[in-house]
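> In terms of the working numbering, the sequence shown opens at residue 234 and continues consecutively. All C-beta atoms, glycine included, are put in the ideal place defined by N, C-alpha and C.
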Amino acid sequence: MPPLKHAARNSQQRQRDKLDAIPPPPVRLIMTTPVHLISFGFGSGLARHAPGTWGTLAAVPLFLLMSALSWPYYAGLCLLLFAFGCWATGESARLLQVSDYPGFVFDEIVGFLITAAPLVYALPYLSLSVLAWLPLAFVLFRVFDILKPWPIGWLDRQVHGGLGVMLDDGLAGVMAGAVLAFAMACAGTLGRSVVAVG
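Right, dumping it as structure tokens:
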């Protein structure tokens with residue numbers, strides 16, 4: 234492994250270890266403080282193991298609700314949720330006196346919604362069959378979120394505050410969504426929806 238890449242991996246691991254060492258805040262505090270409740274994914278981020286995965290799972294029912302929107306409204310709502318998440322996680326971090334926290338999973342929720350955007354684009358033309366791609370969207374987002382390929386990992390280290398919490402997962406969502414769209418196009422699903430639009 235090249236020295237720079239090895240150093241970046243070690244830096245990411247040290248950052249994760251440092252975050253894992255932060256004692257968890259009281260559950261009562263999280264569940265009774267609105268900004269914490271949002272940042273912790275409405276409680277899903279309180280899971281002791283793999284809170285990011287649980288946060289992503291919490292995004293699935295929200296996606297099913299939002300999938301009733303037309304694609305432009307869905308995309309616009311994702312942008313609004315991203316901006317809101319920057320404020321909420323930043324405020325939550327300030328109140329808890331941390332820079333980030335593993336239990337902050339609102340970024341995973343928004344990241345998954347971004348990943349699933351191609352499904353919403355194709356849904357009006359292919360009905361519920363497009364939802365068969367939902368498990369792949371879930372797996373792709375988790376892979377990009379965990380591995381953090383460049384520039385996701387770099388942004389995670391360089392950008393701080395609420396924007397830093399949200400940005401790496403947002404970009405992971407964009408990259409995972411691009412792979413999902415490519416897979417759907419190769420399978421003909423997205424291609425047929427584009428033809429239907431035309």
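Do you know how far the Cα of F377 is from the Cα of V392?
One-based indexing of the sequence shown puts residue 392 at position 159. One-based indexing of the sequence shown puts residue 377 at position 144. The straight-line gap from Cα to Cα measures roughly 18 Å.
> Enumerated in chain order, which unbroken segments of the alpha helix (DSSP H) with a length of 4 residues or greater are wholly contained in the stretch 352-387?
Fully enclosed alpha helix (DSSP H) runs of 4 or longer: 367-380.
> Pick from G336, C319, P305: whose alpha carbon is nearest that of F273?
By 1-based counting over the sequence shown, the position of residue 273 is 40. Taking only the C-alpha atoms, the option nearest F273 is G336.
> Quick check: the Cα distance between L356 and Q330, rounded to an integer number of angstroms?
Your numbering for residue 356 matches position 123 in the sequence shown. Your numbering for residue 330 matches position 97 in the sequence shown. Approximately 42 Å between the Cα atoms of the pair.
> Would you say E324 and V268 are within 8 Å of each other, going by their C-beta atoms?
Here residue 324 corresponds to residue number 91 of the sequence shown, with the count starting at 1. Here residue 268 corresponds to residue number 35 of the sequence shown, with the count starting at 1. It is a contact, given that the beta carbons lie within the stated cut-off.
> Identify whether Q391 lies in helix, strand or coil by the three-state DSSP scheme.
Taking the sequence shown and counting its residues from 1, the one referred to as residue 391 is at position 158. Helix at Q391.
> Below 8 Å on the Cβ atoms is my guess for V293 versus L279; work out the distance and round it to an integer in Å.
Reading the sequence shown from its first residue, position 60 is the one you call residue 293. Reading the sequence shown from its first residue, position 46 is the one you call residue 279. Their Cβ separation, rounded to whole angstroms, is 18 Å, which puts V293 and L279 out of contact at 8 Å.
> Enumerate in chain order the residues of its own chain whose CB-to-CB distance from G285 is below 7 Å, with the five nearest sequence positions on each side excluded.
Taking the first residue of the sequence shown as position 1, residue 285 is located at position 52. Hits under 7 Å: V338, E341, D378.
> Helix, strand or coil for R281 per DSSP?
Sequence index remark: in the sequence shown, residue 281 carries index 48 (1-based). If DSSP states are grouped into helix, strand and coil, R281 belongs with coil.
> With distances taken Cα to Cα, identify the nearest neighbour of L297 among T265, A405, R281, A349.
Numbered from 1 along the sequence shown, position 64 holds the residue referred to as residue 297. Nearest C-alpha to L297: A349.
> To the nearest angstrom, how far is the alpha carbon of G421 from that of G318?
Numbered from its first residue, the sequence shown carries residue 421 at position 188. Numbered from its first residue, the sequence shown carries residue 318 at position 85. When rounded, the distance between both Cα atoms is 34 Å.
> With DSSP collapsed to three states, give me the class of G309.
Locating residue 309 in the sequence shown gives position 76, where the first residue counts as 1. It is helical.
> What does a CB cutoff of less than 7 Å around I271 pick up in its chain, not counting 5 residues either side in sequence?
What you label residue 271 is simply residue 38 of the sequence shown in a count that begins at 1. A321, F339, listed in sequence order.
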